[in-house]
Amino acid sequence: QVQLQESGPGLVKPSETLSLTCTVSGGSITGNHWSWIRQSPGEGLEWIGYIYSSGSTTYSPSLKSRVIISVDTSKNQFSLRLTSVTAADTAVYYCARRSRSGWITYFDPWGQGTLVSVSS
Amino acid sequence: DIQMTQSPSSLSASIGDRVTITCRASQSISSYLNWYQQKPGKTPKILIYAASSLQSGVPSRFSGSGSGTDFTLTIDSLQPEDFASYFCQQSYNTPYSFGQGTNLEIK
Numbered sequence: 004q005v006q007l008q009e010s011g012p013g014l015v016k017p018s019e020t021l022s023l024t025c026t027v028s029g030g031s032i033t034g035n036h037w038s039w040i041r042q043s044p045g046e047g048l049e050w051i052g053y054i055y056s057s058g059s060t061t062y063s064p065s066l067k068s069r070v071i072i073s074v075d076t077s078k079n080q081f082s083l084r085l086t087s088v089t090a091a092d093t094a095v096y097y098c099a100r101r102s103r104s105g106w107i108t109y110f111d112p113w114g115q116g117t118l119v120s121v122s123s
Numbered sequence: 857d858i859q860m861t862q863s864p865s866s867l868s869a870s871i872g873d874r875v876t877i878t879c880r881a882s883q884s885i886s887s888y889l890n891w892y893q894q895k896p897g898k899t900p901k902i903l904i905y906a907a908s909s910l911q912s913g914v915p916s917r918f919s920g921s922g923s924g925t926d927f928t929l930t931i932d933s934l935q936p937e938d939f940a941s942y943f944c945q946q947s948y949n950t951p952y953s954f955g956q957g958t959n960l961e962i963k
């Protein structure tokens, strides 16, 4: 079955750029939408955006000015870049597939999550 | 943006109890509502999609209902492994949004 694994630095300095990669195994990245979601104690679960395997993206308006999601189909990976981070961006970051059953979509599976702390 | 409000935020119950968690959307989302379970230190897991469809492998003691703005997740005969956090999520439109979660604890 499809598995996802996040990777990247666990500590980022304020004003710098957070960069994470999600590696998809057990299936092809092609033909699906892939999302980034974060979870912090104060804000709960927050959807950041998604990318289709063709490269088309949709972002949350609240983060749109700072987010770039990209895909590398040759490596079966997609990535997140979040610029100008502050302490408010400290969270566990998950990658997930946006799955579909008929007309409804939901997130499944999810990666195990990676904690990113923003601190000097 | 669509706001999702869950209640209660926390709930204490005993093994064998029947519990209900409520999720309300700030506007009608038809049946575009999903429920997830998250155990401490673990990844959220899809339980129910389209408001009432049980994901494969999820025990039948879990059920969902509702449409429009009001939805419920019901767990019949609580088992020890059910004590976890539960989140609703709307997939009606982007930005997708989640409820703040309900923490189900053992009484």
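For the record, the sequence lines run as chains A and B. Remember, the numbering used here sits 3 above the position in the first sequence when you count from 1. Remember, the numbering used here sits 856 above the position in the second sequence when you count from 1. Note that the Cβ used here is the ideal one computed from N, Cα and C, for glycine as well.
Of the listed residues Lys963/B, Ser947/B, Ala940/B, nearest to Gly957/B (C-alpha basis): Among Lys963/B, Ser947/B, Ala940/B, the Cα nearest to that of Gly957/B belongs to Ala940/B.
Exposure label - Asp938/B; buried when at least 16 CB within 10 Å: So Asp938/B ends up on the buried side.
Ser63/A and Pro951/B closer than 7 Å at C-beta: Yes; because the gap between Cβ atoms is below 7 Å, this pair is in contact.
Residues near Gln911/B by beta carbon distance below 7 Å, same chain, minus five either side: Answer for Gln911/B: Ile902, Leu903, Ile904, Tyr905, listed in chain order.
C-beta atoms of Ile51/A and Trp39/A nearer than 7 Å: A contact, by the Cβ cut-off of 7 Å.
Test item: CB-CB of Leu48/A and Phe943/B under 7 Å: Yes, Cβ-Cβ distance for Leu48/A and Phe943/B is below 7 Å.
Validate contact between the stretch 77-97 of chain A and the stretch 871-885 of chain B using beta carbons, cut 8 Å, 3 pairs: Contact fails: fewer than three Cβ-Cβ distances are below 8 Å.
Straight-line Cα distance separating Thr89/A from Lys895/B: Computed Cα separation, rounded: 28 Å.
DSSP three-state assignment for Asp857/B, whether helix, strand or coil: The answer is coil: DSSP assigns Asp857/B none of H, G, I, E or B.
Closest Cα partner of Ser56/A within the set Ile71/A, Ser43/A, Trp106/A, Asn35/A: Check the Cα spacing between Ser56/A and each of Ile71/A, Ser43/A, Trp106/A, Asn35/A: the tightest is with Asn35/A.
Boundaries (first-last residue) of the beta strand (DSSP E) holding Arg84/A: Its beta strand (DSSP E) spans residues 80-85.
Buried versus exposed call for Thr899/B [16 or more other C-beta atoms within 10 Å across all chains shown]: By the 16-neighbour rule on beta-carbons within 10 angstroms, Thr899/B is buried.
Exposure of Asp111/A, with buried meaning 16 or more beta-carbon neighbours within 10 Å: Asp111/A comes out buried.
For Thr950/B: DSSP bridge partner residues: Thr950/B pairs with nothing; no bridge assigned.
Backbone secondary structure at Ala90/A - three-state DSSP: Helix, per DSSP.
Interface flag, Ala940/B vs chain A, CB-CB below 7 Å: Cβ-Cβ to chain A under 7 Å: no for Ala940/B.
Where Gly114/A falls, given that 16 or more other Cβ within 10 Å makes a residue buried: Gly114/A is classed as buried because its beta carbon has at least 16 other beta carbons within 10 Å across all chains shown.
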